[in-house]
Amino acid sequence: MEVDVIFSADRIEEDNVRNKTAVVIDTLRATSTIVTSLANGAKDIIPVVSIEEAKRLKRGLAKKALVAGERGGIKIEEFDLGNSPRAYSQEVVLNKNIILTTTNGTKCFARLESAQEVVVLSLLNLEAINNYLQDKEKVVFCCAGTHGEFALDDFITAGKAITKLSASKEVKLSDRALVAYQIYLQNKDNLLNLIKGSKSGQNLISLGKEEDIDYIVEGREFGVVPSYCEGKIRI
0 MEVDVIFSAD RIEEDNVRNK TAVVIDTLRA TSTIVTSLAN GAKDIIPVVS
50 IEEAKRLKRG LAKKALVAGE RGGIKIEEFD LGNSPRAYSQ EVVLNKNIIL
100 TTTNGTKCFA RLESAQEVVV LSLLNLEAIN NYLQDKEKVV FCCAGTHGEF
150 ALDDFITAGK AITKLSASKE VKLSDRALVA YQIYLQNKDN LLNLIKGSKS
200 GQNLISLGKE EDIDYIVEGR EFGVVPSYCE GKIRI
């Protein structure tokens, strides 16, 4: 298995994902929210880049859909939900379509048309994704990053996933994947503090969202493999 890592959504190009299994990561918090909502019974997630597109889709789906999203970690005022995975309980999301726009994570999906397939990874479904990837030949972990830049929380999640794959498969790591693997191994016993100390972690803490980080890093695992196809994420 060949394994690579892309640092941010802005660095995703057709050639570096073509015919590969692309694994989207936005640990704090979009992919954690996607995993939680689908595990709790949401019908599907429709990721969009802009607030305007989210509003337009909401008008088309009417009462069937919830519109959700954030900018800079703050819930968009007129939306039903923000981007806190703890808000996506079964009571809220069961059988709902969810239109989601976030600062970083939802940008990834629009850039992955040349990928063979696209799945969604968080620390909350790492074991399920690891099992799913076992028979894949080329895997690329697509970190959302923050405003086009490297984000430690996404990179360390990729590193943890690569470590699990390496334990059960013969893998050929790119230099980026090797660094992610090594950084995770060096910090695996201090993961919560490392992620809280990251730029994204510090931003959430400043917004009073530290419990989201606790939930994402130390919460239960869900046995779901969200897959993105034709504009929607489903399990």
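Numbering of the sequence shown is given in numbering that gives the first Met the number 0, commencing with residue 0 and proceeding in unit increments.
Think of the CB as a built atom: it goes at the ideal place given N, C-alpha and C, for glycine as much as any other residue.
If we call anything under 8 Å between Cβ atoms a contact, is residue i one with residue j?
i	j	result
Gly-40	Asn-82	no
Ser-167	Val-2	no
Glu-220	Arg-85	no
Thr-20	Lys-135	yes
Val-16	Cys-142	no
Ile-204	Ile-155	no
Could you give the distance in angstroms between the alpha-carbon of residue i and the alpha-carbon of residue j?
i	j	result
Asn-124	Asp-14	27 Å
Lys-163	Ala-127	11 Å
Val-178	Ile-33	27 Å
Val-170	Gly-218	28 Å
Ile-182	Thr-35	26 Å
Ile-44	Lys-63	12 Å
Ile-73	Leu-206	8 Å
Leu-132	Val-138	8 Å
Leu-27	Thr-101	11 Å
Taking DSSP as the reference, what is the three-state secondary structure of residue i?
i	result
Glu-239	This structure gives no information on residue 239, because the portion of the chain shown stretches from 0 to 234.
Arg-219	coil
Glu-69	strand
Ser-226	strand
Asp-43	strand
Leu-190	helix
Val-48	coil
Leu-27	coil
Asn-129	helix
What's the call for residue i, buried or exposed, on a 16-neighbour Cβ count within 10 Å?
i	result
Asn-103	buried
Gly-196	exposed
Asn-189	exposed
Glu-69	buried
Lys-187	exposed
Ser-7	buried
Arg-55	exposed
Please return the same chain residues whose Cβ sits closer than 6 Å to the Cβ of residue i, not counting the five positions on each side in sequence.
i	result
Val-22	Val-118, Leu-120, Phe-140
Ala-150	Gly-144, Ser-199
Leu-37	Val-223, Pro-225, Ile-234
Arg-110	Ile-11
Phe-108	Pro-46, Tyr-227
Excluding the 5 residues flanking residue i on each side, which residues of the same chain have their C-beta closer than 7 Å to its C-beta?
i	result
Thr-30	Val-23, Ile-24, Gly-104, Val-119, Leu-120, Ser-121
Gly-242	Since the first residue shown for the chain is 0 and the last is 234, residue 242 is missing from the structure and cannot be characterised.
Phe-57	A quick correction: the sequence has Lys, not Phe, at residue 57. The residues are Ala-64, Val-66, Ile-98.
Ala-176	Val-2, Asp-3, Val-4, Ile-161
Closer than 8 Å by C-beta to residue i: which residues in its own chain qualify, once you throw out the five before and the five after it? Chain order, please.
i	result
Asp-213	Leu-191
Leu-60	Asn-96, Ile-98
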